[in-house]
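Peer 1: For the sequence shown, the numbering used here assigns the number 291 to the initial residue and increments by one for each residue that follows. Glycine included, C-beta positions come from ideal geometry on N, C-alpha and C.
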Amino acid sequence: MHLDIPTTQQITALLEHRHPVSVTIYVPTGRSTLEARTGRTMLSNIRGDVDGRLEADGVERDDRTWIIEELDSIIDDDDFWDRQRDTLAVFLSPGSEMTFRLPNVLEGSVHVGDRFHVKPLLRAVTFPQAAFVLALSKGEARLLEVFNEGPPVVVDVPDMPRNAWVPSANHIHMARDRAYVRLVDHAIRPILNGSDLPVIVAATEGIDALFRTVNTSSRLVDRRVPGNAEELTDLELAEAVRSVLDELYAQELADLTLLVDQRNSQGRAAFDLADIARFATMGAVDTVLVDIDTNVTGTVDEETGAVEFIDEESAESYGILDEIARRVLRNGGRVLAVRSADIPLGGHAAAILRYTP
């Protein structure tokens, strides 16, 4: 797989990270050899910019050297650049490196400060454009990982049962089927537990319903791909799953927009960044939608949530939307990174509150 979808735990860790030398880079890469080569050249050019900014900020030579050497190791890795998606995200701090190859087209940017710039990465979690597909029938069971483009990847699942042995007696038939789907669930559980990707079943109505009685994944979605999975090729399954994902995301946004309107009429919504930052600090935000296309810089007081807006990014300022996201997640809320057109009332963010302030 040439795709790295960050988990919620990884997102939270990146948001909580603090170090005087923290570098975040987003580079559009594409998937073709030519696009990846362009992205590689862009990162090589960014290297000099990062070195200059670190030196201008008075970063010690050892820390600066570590950052640049890590960038060089990424730039020089031929195999890594042969395996790209749409955007490469790089997070560097002395002693720490993390990269993600994302299926989302994000704008290129460089950020240097005391924390990482994580908001664009939230898009990959909000709408990952990828899913696990369990193609399940009595004749076979297989697990696929589907992306927004290209062929799916067949996931190697140790202990996956090959098929269901079905005797003629109806009651034994049901017992055997249930045992079969339970074995399938047990086999895929270690893989699904380590991912935040949605899980979609491709099966007949009966098999799907039976699997849901034993399923242990919290990421299983209500919609399924209908039909006998044995009669669908991997490519056909991938196309069907992409349609399901599009429907799920469109419905989720529509439902959220209606909920924001409803909560606003009840006095339980906020649209001003200063208000949202304050409510996030109080733990009053249940869900916040943030504009992925905008970077608003400044500071947010740790105790009160008071916002100071600063026109230009500096070592002392940071992305306010990132900080709002961190505080919402820290207090058990939900963060969705969406396009500006999907923000109710056209602002930079919209929040649903847990109670009327």
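1. Within its chain, find whatever has a CB closer than 6 angstroms to the CB of residue 471; leave out the 5 residues flanking it on each side and keep chain order.
2. Would you report the Cα separation of residue 570 and residue 607, rounded to the nearest angstrom?
3. Could you tell me which uninterrupted beta strand (DSSP E) segments, each at least 3 residues in length, are contained entirely in the segment 552-590, listed from first to last along the chain?
4. What is the C-beta distance between residue 432 and residue 444, in whole angstroms, given that I count them as a contact (C-beta under 8 angstroms)?
5. Nearest to residue 448 by CA position, among 320, 473, 467, 454, is which residue?
6. Take residue 412 as the anchor and find which of 403, 351, 393 has the nearest alpha-carbon.
7. Determine, using beta carbons only, whether residue 308 and residue 404 come nearer to each other than 8 angstroms.
8. Apart from the five residues on each side of it in sequence, which residues of its chain come closer than 8 angstroms, Cβ to Cβ, to residue 360?
9. State yes or no: is the C-beta of residue 550 within less than 8 angstroms of the C-beta of residue 567?
10. Classify residue 633 as helix, strand or coil using the three-state DSSP reduction.
11. Give me, in chain order, the residues of the same chain whose beta-carbon lies closer than 6 angstroms to that of residue 595; leave out the 5 immediate sequence neighbours on both sides.
12. I need the boundaries of the alpha helix (DSSP H) containing residue 416, first residue and last residue.
13. The beta strand (DSSP E) that contains residue 389, what's its start and end?
14. Roughly how many whole angstroms lie between the Cα atoms of residue 614 and residue 588?
15. Output the distance between the C-alpha atoms of residue 629 and residue 639, rounded to the nearest integer angstrom.
16. Can you list, in chain order, the residues of its chain with a C-beta nearer than 6 angstroms to that of residue 617? Leave out the 5 residues immediately preceding and following it.
17. Measure the Cβ-Cβ separation of residue 610 and residue 559 and say whether it is below 8 angstroms.
18. Report yes or no: do three or more beta-carbon pairs, one from the segment 373-381 and one from the segment 337-356, lie closer than 8 angstroms?
19. Which same chain residues end up closer than 7 angstroms to residue 525 when comparing Cβ atoms and leaving out the 5 residues on each side of it in sequence?
20. Name the DSSP beta bridge partners of residue 318, please?
21. Tell me the rounded alpha-carbon separation between residue 457 and residue 466.
22. Among residues of its own chain, excluding the 5 on either side of residue 574, which ones have a beta-carbon nearer than 7 angstroms to its beta-carbon?
23. State whether the segment 529-544 contacts the segment 419-427, with contact taken as three or more CB pairs (one from each stretch) at a distance under 8 angstroms.
24. Roughly how many angstroms separate the alpha carbons of residue 539 and residue 298, rounded to a whole number?
25. Is residue 408 closer than 8 angstroms to residue 612 when the C-beta atoms are compared?
26. Using three-state DSSP, classify residue 422 as helix, strand or coil.
27. Quick one: what's residue 473 bridged to in DSSP?
28. With 16 as the cutoff for other CB atoms within 10 Å, does residue 536 come out buried or exposed?
29. CA-CA distance, residue 547 and residue 557?
30. Rounded to whole angstroms, what's the CA-CA distance from residue 576 to residue 626? Just pull it up for me.
31. In whole angstroms, give me the CA-to-CA distance for residue 460 and residue 496.
32. Give a yes or no on whether 8 angstroms exceeds the smallest Cβ distance from residue 418 to chain D.
Peer 2: So, to answer that:
1. 500, 501, 504.
2. As the crow flies, the alpha-carbon of residue 570 is around 18 angstroms from that of residue 607.
3. Runs found: 575-581, 587-590.
4. Beta-carbon to beta-carbon, residue 432 and residue 444 are separated by about 7 angstroms, close enough to satisfy the 8 angstroms threshold.
5. Taking residue 448 as reference, the option from 320, 473, 467, 454 with the minimal CA-CA separation is 473.
6. The alpha carbon of residue 412 has as its nearest neighbour, out of 403, 351, 393, the alpha carbon of 393.
7. Yes; because the gap between Cβ atoms is below 8 angstroms, this pair is in contact.
8. Excluding residues within five positions, the ones whose Cβ falls inside 8 angstroms are 382, 387.
9. No. Outside cutoff.
10. Note: residue 633 maps to coil in three-state DSSP.
11. The beta carbon of residue 595 sits closer than 6 angstroms to the beta carbons of 567, 568, 571 from its chain, once the five residues preceding and following it are set aside; these are given in chain order.
12. Residues 409-416.
13. Residue 389 -> beta strand (DSSP E) spans 386-392.
14. Residue 614 and residue 588 have their alpha carbons spaced roughly 12 angstroms apart.
15. Their Cα atoms are separated by approximately 10 angstroms.
16. The answer, listed in chain order, is 570, 571.
17. Taking 8 angstroms as the Cβ cut-off, residue 610 and residue 559 do not qualify as a contacting pair.
18. Touching, no.
19. The beta carbon of residue 525 lies closer than 7 angstroms to those of 441 in the same chain, with the five residues before and after it left out.
20. Residue 318 is bridged to 377.
21. Low per-residue confidence applies at residue 457: pLDDT is 48, beneath 50, and the placement is therefore not dependable, though the value from the model is reported in the following sentence. Approximately 8 angstroms, taken between the alpha carbons.
22. Cβ neighbours of residue 574 beyond the five flanking positions: 643, 644, 645, 647.
23. Verdict: yes, contact present.
24. Spanning the two alpha carbons is a distance of roughly 18 angstroms.
25. Yes; because the gap between Cβ atoms is below 8 angstroms, this pair is in contact.
26. Of the three classes helix, strand and coil, the one that applies to residue 422 here is strand, per DSSP.
27. Answer by DSSP bridge pairing: none, since residue 473 is not bridged.
28. Under this definition residue 536 is an exposed residue.
29. About 15 angstroms.
30. Answer to the nearest angstrom: the Cα atoms are 11 angstroms apart.
31. Here the model assigns residue 460 a pLDDT of 49, short of 50, so the residue's position is not dependable, and the following value carries that caveat. In a straight line, the C-alpha of residue 460 is about 14 angstroms away from that of residue 496.
32. Among the chains of the structure shown, chain D does not appear; only one protein chain is present.
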